[in-house]
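Enquirer: If you scroll down you'll find the structure; I have some questions about it.
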Amino acid sequence: MIQWLNDPGNWTAQGGIFDQLWAHLQYALIALVVAIVLALPLGLLIGHTGRGRWLVTVANAVRSLPVLGLLILLYVMLAPHIHGRGDTVYLLPTEIVLILLAVPPLLASTVAGVENVDPAVRDAAAGMGMRGGQVVRKVELPNALPLVFSGLRSATLQVIATATVAAYLGLGGLGRFVYDGQASQNFAERNAGALLVALLAVVADLLLAVAQRYTVSRGVSGRFSSRPDASTSAEGGPPELPAPPATHTA
Amino acid sequence: MKKALTSALVAACATVLAACGSSGSSGSNGLSGGSSASAGGGATVASKLVLGGSPEFKTRTDGVPGLQRVYGVTFGSYKTLDAGGPLTINALKNGQIDAGDIFTTDPSIPANGFVVLQDPKNLYAAQNVLPLINKAKATPGVSSTLNAVSAKLDTNTLAQLDVHVITDKQDPDAVAKGWLASVGLNKTGTAAQGASIKIGSANFQESVLLAEIYAEALRAQGANITTRLNIGSRETYIPGLKDGSIDLIPEYSGVLLQFFDPKATAVSSADVYAALQKAVPAPLTVLDQSSAEDKDAIVVTKTTADKYHLTSIADLAKNG
Amino acid sequence: MTPPGLTAPPVLLHHAPTAGLAVDSSPGGMFSYFSDHRDEVLNWLGYHAWLSAVPVLAGLLIALPLGWLARRYRWTYPPLVTAAGVLYTIPSIALFVAMPELIGTQILDPINVAVALTVYTVALLVRVVADGLAAVPEDVAQAATAMGLTRRQRLLKVELPLAVPVIAAGVRVAVVANVSLVAVAGTIGVPNLGQLFTTGFQLSVGNPYYPPITLGIVLCVLLALVLDLLVVGATRLVTPWRRAVGGS
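Chains as they are written, first to last, in the numbering used here: chain A, 1073 to 1322; chain B, 27 to 346; chain C, 2 to 249.
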């Protein structure tokens, strides 16, 4: 495996590691961006108004859908309707599956983040004359960011690991090495592919951790004091729960 | 208003996806971008076409390298899909690829009017259906039962049974039983009494069907049969045969010979079978081969065949 | 649909319906598909349930001491949680097929999938257990010590029970994720509901053949639901005090 990874040809060839790494990132990024665009505003709205919590339940139920079945279902549904060159017929099912995986953790954590904002803080914002929209943008979102980030990190992990199945439908990405390596009995290639997926996920998680450090207000993260205390969590609420664990399904 | 926003969003997503789709296909699966130039002089027909097939076809001796070596045919690009399965057939039908590696008994070939390109230089060796079995399990009774099946099975029959399973969606086990009854192989006997055999199949329907045929024939002769179907590709189930996870699987003579001896050159049915008997490693062996053949073929749509006047693989190397 | 040249020859006609016979390819065809393949499908469902549940139990048993370790000796937390995180990102299909090389099993042995899923469950639950134990309020732990409980008694009688709701939440996630992961093993011939997906896929040439695919999805979702309810029920059983407080 080390030997396979050490061969520069395996990196730079057409369809080599660089190409597939880029393809893998593209699949993941498209899904994550769409999921954020969908889940973040919706989560803020649900958290702010307290209405539509059932959407979170629905989104969580979506998690129980089997990824492989969904992927195959979407492909056979779409295949007769998409003609001509290009990968759209493979990409659409893959992206829909990845988006469905990414939305639930993002939505749940955003809603939880907003709901956990200290009511006193919200009252203070209203008392300062802020309107609903301003409260959301200037108070609730910044205070919810740590949880939003934990949802985003969980979604990212899941999407990067699951984007491997893109290769099952004939797309590229690092899954190509896993499937091709298995099909041609090149186990070094297969194992290297799996390792690269894991590494990509770890690096992405580290980058998000750094991004979190620079975007979350120090007043919220508690980094201004030497020792964080409970005053930032909702008063009378349950002890701070650990972030929702990530799931991956492929 | 909200509705308009949603539809705009959906449209935007679709655009992004489509853009990525076209860039992805050229970036991730291309063989060699300069292939058309390297053909020298004018562009060949093949250089304008996309070939689709299984991951292993891209590197197999008689796959993409074989097309280049034997016919001087280099396709514009190779799209990795599956081994003559739904991805390849749908892609050929819907124009994602122009030529596909599909198996000759596949019902979708006549159903869609696909054109099988001839192989005058015998790039594709004979592919007779035969049982690959663990020697220890091939008792005389088991062997004679399976040999009787092979004696009755021919290409036409196999293609028709495939239609029942793939087109008519009948249960492979029911189709197997029905055919055995129609050729008188369902009569109960004791030839395989006491044998306990685990039968596997590859992950395509014809292999499942053949495995069920073997299973039902052996059951009729008193064997105790369990099945492990849809195991995947040869790379997974051959090790499974060697370590005893399964004992018997339907196979095809030519590809099996290639698998055990990548340098094999035999092409005729008899030569392949003779070479295969020598090449099969212990503890495995092959029993009698049937006359039923299902071989790899380069298949194009009628439109593509007409447009470039294609009847043989060699025509792909012409300038067009 | 089928061209005339493809219809069955007379010798085959007496036992099999003709090619012209209507086949219900719509999603609703799953009910008749189920009744036609009942034994096979129920067999797959059984394997699927076993492969979804047993690794979670095994994984929980391994994760409990590891999570305790990460909590008890704080310096072990970062390496344990990081290692678990990396393990969790390994694509399942790769782990399934690499397992025989790693643990020396037969290539088609379902135990490969069970071990791989146990690895994922451990990876998921180590952090959950550690964080769950950490969430036990300090004053509660101190009260237990003041009542004369030893360290071990305090862990087993106070801290672990109080951490159950958090751990149970993690177990629910693991169970539901496993149901989906097991199906992936169907693509390498491990008998389970995933074989319905591959079968439906193979039969969807030209036109979609929905029945096995939708049947597989419905059964997977139902299985996830039932296993999830079992975890919820088991959690209620071992945390009677929560029922007393919560009322119903």
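Ideal Cβ positions, reconstructed from N, Cα and C, are used throughout, including at glycine.
1) Scan the stretch 126–157 of chain C and note each continuous alpha helix (DSSP H) run of 4 residues or more that stays entirely inside, going in chain order.
2) Does the contact criterion of 3 or more C-beta pairs under 8 Å hold for the stretch 138–145 of chain B versus the stretch 192–202 of chain B?
3) For B/R254, which of helix, strand or coil comes out of DSSP?
4) Does the beta carbon of A/P1027 come closer than 8 Å to any beta carbon on chain C?
5) Beta strand (DSSP E) containing B/K105: first to last residue?
6) Can you pull the chain C residues whose beta carbon is under 9 Å from the beta carbon of B/D127, in chain order?
7) Counting only the same chain and skipping the five closest in sequence on each side, list residues whose C-beta sits under 6 Å from that of A/R1225.
8) When the Cα atoms are used, what is the spatial distance from A/G1087 to C/I168?
9) From C/G60 to C/V82, what distance separates their C-alpha atoms?
10) For A/I1154, does the three-state DSSP call read helix, strand or coil?
11) Write down the C-beta distance between C/S26 and C/N208 rounded to the nearest angstrom, noting that I regard them as a contact closer than 8 Å.
12) With contact counted as at least three CB pairs below 8 Å, one residue from each stretch, are the stretch 158–174 of chain C and the stretch 1111–1128 of chain A in contact?
13) Do you know how far the Cα of A/L1142 is from the Cα of A/T1166?
14) If the criterion is Cβ atoms closer than 8 Å, does the pair B/K74 and B/G102 meet it?
15) DSSP three-state call for C/V227: helix, strand or coil?
16) Take every Cβ of the stretch 216–228 of chain B, pair it with every Cβ of the stretch 157–173 of chain B, and state whether three or more of those distances are shorter than 8 Å.
17) Of the residues that make up the stretch 202–233 of chain C, which ones have a beta carbon closer than 7 Å to any beta carbon in chain B?
18) So, at 7 Å on beta carbons, what are the nonlocal neighbours of A/S1289 in its own chain, with the 5 sequence-adjacent residues on each side left out?
19) If you draw a straight line from the C-alpha of B/G346 to the C-alpha of B/K333, how long is it?
20) Counting pairs of beta carbons, one from the stretch 82–99 of chain C and one from the stretch 118–127 of chain C, are three or more of them closer than 8 Å?
21) Suppose the cutoff is 7 Å on Cβ atoms and the five residues either side in sequence are ignored; what does the same chain contact list for B/A241 look like?
22) Would you say B/G266 faces chain A, with C-beta separation under 8 Å as the test?
23) Taking contact to mean at least 3 C-beta pairs separated by less than 8 Å, is the stretch 92–99 of chain B in contact with the stretch 1122–1130 of chain A?
24) A/L1173 and A/V1231 - do their beta-carbons sit closer together than 8 Å?
25) Name the chain C residues that come within less than 8 Å of B/I123, Cβ to Cβ?
26) Of all the CB atoms in chain A, is at least one closer than 8 Å to the CB of C/G60?
27) Report yes if the C-beta distance between B/T70 and B/K161 is below 8 Å; otherwise report no.
28) State the start and end residues of the unbroken alpha helix (DSSP H) segment that holds A/F1090.
29) Kindly list the residues whose CB is nearer than 8 Å to the CB of A/G1081, restricted to its own chain and excluding five residues on each side of it in sequence; keep chain order.
30) Using only CA atoms, which one of B/A323, B/S170, B/G89, B/K328 lies nearest to B/I159?
31) Starting from the beta carbon of B/T85, find every residue of chain A whose beta carbon is closer than 7 Å, and list them in chain order.
32) Could you tell me which of C/V130, C/T215, C/C221 sits nearest to C/W51, measuring between CA atoms?
33) By Cβ distance below 8 Å, which residues in the same chain neighbour C/A135 in space, the five residues on each side in sequence not counted?
34) Measuring CA to CA, which of A/H1120, A/K1210, A/G1122, A/L1137 is closest to C/T215?
35) By the three-class DSSP mapping on this structure, what secondary structure does B/A224 have?
36) Taking the alpha-carbon of B/T327 as reference, which of B/N173, B/V189, B/T337, B/T214 has the nearest alpha-carbon?
Expert: Let me lay it out:
1) Listed in chain order, the complete alpha helix (DSSP H) runs (minimum 4 residues) inside the stretch 126–157 of chain C are 139–147, 152–155.
2) These segments do not touch.
3) Three-state result, B/R254: strand.
4) The structure shown does not extend to residue 1027 of chain A, since chain A spans only 1073 to 1322, so no value can be given for it.
5) Note, B/K105: beta strand (DSSP E), 103–106.
6) Residues of chain C passing the Cβ test: none, with the nearest at roughly 15 Å.
7) Correct list, in chain order: D1277, L1280.
8) In this structure, the CA atom of A/G1087 is about 43 Å from the CA atom of C/I168.
9) In this structure, the straight-line span from the alpha carbon of C/G60 to that of C/V82 is close to 15 Å.
10) A/I1154 falls in the coil class under three-state DSSP.
11) Contact annotation, C/S26 with C/N208: C-beta distance approximately 6 Å; criterion of less than 8 Å satisfied.
12) By the Cβ test, the stretch 158–174 of chain C is not in contact with the stretch 1111–1128 of chain A, since fewer than three Cβ pairs between them sit closer than 8 Å.
13) Each residue's Cα considered, the two are about 9 Å apart.
14) Yes; because the gap between Cβ atoms is below 8 Å, this pair is in contact.
15) Helix at C/V227.
16) Yes, the stretch 216–228 of chain B is in contact with the stretch 157–173 of chain B.
17) If the cut-off is 7 Å between Cβ atoms, the stretch 202–233 of chain C has F202, Q203, L204, S205, V206, G207, Y210 near chain B.
18) By the criterion of a C-beta distance shorter than 7 Å, A/S1289 is surrounded in its chain by P1214, once the five residues flanking it on both sides are discounted.
19) Answer to the nearest angstrom: the Cα atoms are 10 Å apart.
20) In short, these stretches touch, since the Cβ pair count reaches three.
21) Excluding residues within five positions, the ones whose Cβ falls inside 7 Å are I225, I251, T253.
22) For B/G266, no CB of chain A lies under 8 Å from its own CB, so it is not counted at the interface with that chain.
23) Under the Cβ criterion (8 Å, minimum of three pairs), the stretch 92–99 of chain B does not count as touching the stretch 1122–1130 of chain A.
24) Yes. Within cutoff.
25) Here the premise fails: no neighbours, minimum Cβ distance about 14 Å.
26) Not one beta carbon of chain A lies nearer than 8 Å to the beta carbon of C/G60.
27) No, they are not a contact pair.
28) Looking at the DSSP string, the run of the alpha helix (DSSP H) that includes A/F1090 is 1089–1121.
29) G1088.
30) It is B/S170 whose Cα lies nearest to the Cα of B/I159.
31) Near B/T85 (Cβ distances below 7 Å), the residues of chain A are S1256.
32) The shortest Cα separation from C/W51 among C/V130, C/T215, C/C221 belongs to C/C221.
33) Answer for C/A135: R72, listed in chain order.
34) The option with the nearest alpha carbon to C/T215 is A/L1137.
35) One detail in the question is off: residue 224 of chain B reads as Lys in this sequence, not Ala. For B/K224, the three-state secondary structure derived from DSSP is strand.
36) The shortest Cα separation from B/T327 among B/N173, B/V189, B/T337, B/T214 belongs to B/T337.
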